[in-house]
Amino acid sequence: LTATALAAALISLVAATIFFFSERDPVAPEKAEKAEKAEQAEQAENIKIGIALGFTGPAESLAPPMASGAELALKEASDSGAFLGGTTITSVRADSTCIDAAAATAAAERLVSSEGVKAIIGGLCSGATTAILKNVAMPKGVLQFSPSATSPALTTIADNGLFFRASPSDARQGAIIAQMLKEKGIKSAALTYTNNDYGKGLADSIKTNVEALGGKITIYASHEDGKGDYTAEVGALASAGGEILIVAGYLDQGGRGIIRSALDTGAFQRFFLPDAMIGESLTAAIGKGLNGSFGVVPGTDSPGAKLYEAMTAKAGFKNGPYSPESYDAAALTILAMQAAKSTDSAKVKAKVFAVANAPGEKIFPGQLAKALGILAKGGDIDYVGASAIELIEPGESAGGYREVEVKGGKFNTVGYR
Numbered sequence: 003l004t005a006t007a008l009a010a011a012l013i014s015l016v017a018a019t020i021f022f023f024s025e026r027d028p029v030a031p032e033k034a035e036k037a038e039k040a041e042q043a044e045q046a047e048n049i050k051i052g053i054a055l056g057f058t059g060p061a062e063s064l065a066p067p068m069a070s071g072a073e074l075a076l077k078e079a080s081d082s083g084a085f086l087g088g089t090t091i092t093s094v095r096a097d098s099t100c101i102d103a104a105a106a107t108a109a110a111e112r113l114v115s116s117e118g119v120k121a122i123i124g125g126l127c128s129g130a131t132t133a134i135l136k137n138v139a140m141p142k143g144v145l146q147f148s149p150s151a152t153s154p155a156l157t158t159i160a161d162n163g164l165f166f167r168a169s170p171s172d173a174r175q176g177a178i179i180a181q182m183l184k185e186k187g188i189k190s191a192a193l194t195y196t197n198n199d200y201g202k203g204l205a206d207s208i209k210t211n212v213e214a215l216g217g218k219i220t221i222y223a224s225h226e227d228g229k230g231d232y233t234a235e236v237g238a239l240a241s242a243g244g245e246i247l248i249v250a251g252y253l254d255q256g257g258r259g260i261i262r263s264a265l266d267t268g269a270f271q272r273f274f275l276p277d278a279m280i281g282e283s284l285t286a287a288i289g290k291g292l293n294g295s296f297g298v299v300p301g302t303d304s305p306g307a308k309l310y311e312a313m314t315a316k317a318g319f320k321n322g323p324y325s326p327e328s329y330d331a332a333a334l335t336i337l338a339m340q341a342a343k344s345t346d347s348a349k350v351k352a353k354v355f356a357v358a359n360a361p362g363e364k365i366f367p368g369q370l371a372k373a374l375g376i377l378a379k380g381g382d383i384d385y386v387g388a389s390a391i392e393l394i395e396p397g398e399s400a401g402g403y404r405e406v407e408v409k410g411g412k413f414n415t416v417g418y419r
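In structure tokens, the structure reads:
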């Protein structure tokens, strides 16, 4: 035989042998399929998403339904099996407090360095959110999405494009508050605010907008959280006078203390309550003394809001302020990862606006599997979510607001803006 003929014979022998054994093993194709699936499963991973909220501190009663809302979105996406080729998602909670920058930084550092989270949902309050962004998220290149930080300073803060929020800036809330006061014929108001980034930013916005509409702020005074006695602060507010007291504080500490002292001394009988004062813990503590007071918190009467309400009831937790925004922050984070085909924040941040806004198929709560499928095929979505979110530059919600009034010692929704 020539060398060429010998080689051809050997090739034929190998082919025949392979054919013989494959014919003898009828499950070979099934084994191959299982092997392929096993390989795909190995390539899929389990990622972690951090949830850094103020589980302790002056707004602690808001945190549980917010965390549950974010976890509801993460579980929905994970259970779908459609996220990044079957990648699963685990949530990791951390207590960022509300106003303790060192604690917020330590909590976020643990999430990133020890837990290896791919993104952070949080913080709850603006001070903690700022600390996390400056000290952890931006230096380490991790995407951060806050459901509820509203300080106007966060609009212009350096963030390398890594920071987003599902709530509107207090620059808008101040304008809404001024309009509401004017519509109710209130021409003068005393104003107290919690002495931090959130309180000062909101108070500045309220004062500017009230005065622009011809109203008068009789006094503009800060208060500290965590005090047992607010008699002195309320005395100064009462001396300045005003038809109503605007309390730009927190419902679980200073803001509550100011209201209780004002009622006990008879200094004020009616209060305006901005977003961080809205929650059942306040009405449970004060009761009918709040009757006739009114306020505002981000919210919408959109179809998505109703769907989310039903989802929370089925999941076994009660909806609350900023819980819808928490669901949306988590959902948008995951959807942006799907669009980027990556969990790398440097790539994900570029896709957040694309999944949040038109064009594309509208996506509501409970439809994350559908959205993930569309994105996997290269399609477009317009995420409406639980809060009817529409992102505006540099990465915050344009925002709608829910008007509330206290009747019978309970918050009642009376309108939307």
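Going by my numbering, the sequence shown opens with residue 3, and the numbers climb by one from there.
Cβ atoms here follow ideal geometry from the backbone N, Cα and C, with glycine treated the same way.
For serine 148 and arginine 262, the gap between their C-alpha atoms comes out near 30 Å. Assignment of beta-bridge partners to tyrosine 418 by DSSP yields Arg404.
Following the DSSP letters along the chain, one finds glycine 228 in no alpha helix (DSSP H), marked with neither H nor E.
In this structure alanine 151 does not touch alanine 133 by the C-beta definition: roughly 11 Å separates them, more than the 8 Å allowed. If the five residues before and after isoleucine 188 are omitted, its C-beta is found closer than 8 Å to the C-beta atoms of Gly217, Glu245, Ile246, all from its own chain and listed in chain order. DSSP links glutamate 363 through a beta bridge to Ile383.
As computed with DSSP, tyrosine 222 is found in a beta bridge with Leu193.
The C-beta distance from glycine 259 to tyrosine 232 rounds to 5 Å, short enough to meet the 8 Å contact threshold. For asparagine 48, the secondary structure class from DSSP, reduced to helix, strand or coil, is strand. Taking a C-beta distance under 9 Å as the contact criterion, valine 236 and leucine 275 do not qualify as a contact pair. According to the DSSP secondary-structure assignment, isoleucine 53 is paired through a beta bridge with Arg95, Ile123. Under the DSSP assignment, alanine 250 falls in the beta strand (DSSP E) whose first and last residues are 246-250. With contacts defined as CB atoms closer than 9 Å, isoleucine 391 and alanine 168 qualify as a contacting pair. Sequence-distant Cβ neighbours of alanine 264 in its own chain, meaning closer than 7 Å and more than five residues away, are Val236, Leu247, Phe270. For serine 325, there is no enclosing beta strand (DSSP E); the enclosing alpha helix (DSSP H) covers residues 325-342. Annotation for glycine 237: the continuous alpha helix (DSSP H) segment containing it runs 233-242. Within the DSSP bridge table, the entry for serine 148 names Arg167 as partners. For alanine 286 and valine 408, the gap between their C-alpha atoms comes out near 12 Å. One Cα belongs to valine 212, the other to glycine 297, and the distance between them is close to 15 Å.
In this structure, the beta-carbon distance from glycine 56 to leucine 126 falls below 9 Å. Close CB contacts of isoleucine 122 within its chain, under the 7 Å cut and outside five residues either way in sequence, are with Gly52, Ala54, Ala110, Leu113, Ile134, Ala139, Val144, Gln146 (chain order). In summary, glutamate 395 is exposed, with fewer than 16 beta-carbon neighbours lying within 10 Å of its beta-carbon over all protein chains present.
Sorting Gly381, Ala192, Ile179 by C-alpha distance to the C-alpha of valine 406 places Ile179 at the top. In the three-state reduction of the DSSP assignment, glutamate 282 falls in the helix class, which pools H, G and I. A straight-line Cα-Cα distance of about 15 Å links alanine 155 and glycine 163. Closest by C-alpha distance to isoleucine 208, out of Ile101, Ala173, Arg404, is Ala173.
Here the alpha carbons of glutamine 175 and alanine 240 stand approximately 25 Å from one another.
Between alanine 388 and the set Gly380, Leu370, Thr92, Phe413, the nearest pair of CA atoms involves Leu370. By the C-beta density criterion, glycine 381 is exposed, having fewer than 16 other C-beta atoms within 10 angstroms. Sequence-distant partners of serine 304 (beyond 5 residues in either direction) whose C-beta falls short of 6 Å from its own C-beta, in its chain, are Ala390.
The three-state secondary structure of threonine 314, taken from DSSP, is helix. The three-state reading of DSSP puts phenylalanine 355 in helix, counting H, G and I together. DSSP places glycine 297 inside the beta strand (DSSP E), whose first and last residues are 296-300.
Excluding the 5 residues flanking it on each side, leucine 284 has same chain C-beta neighbours closer than 7 Å at Leu253, Arg258, in chain order.
Counting only residues of its own chain and dropping the five nearest sequence neighbours on each side, serine 93 has a CB closer than 6 Å to the CB of Ile51, Ile53, Glu73, Leu76.
Leucine 334 is a Cβ neighbour of phenylalanine 166, given a cutoff of 9 Å.
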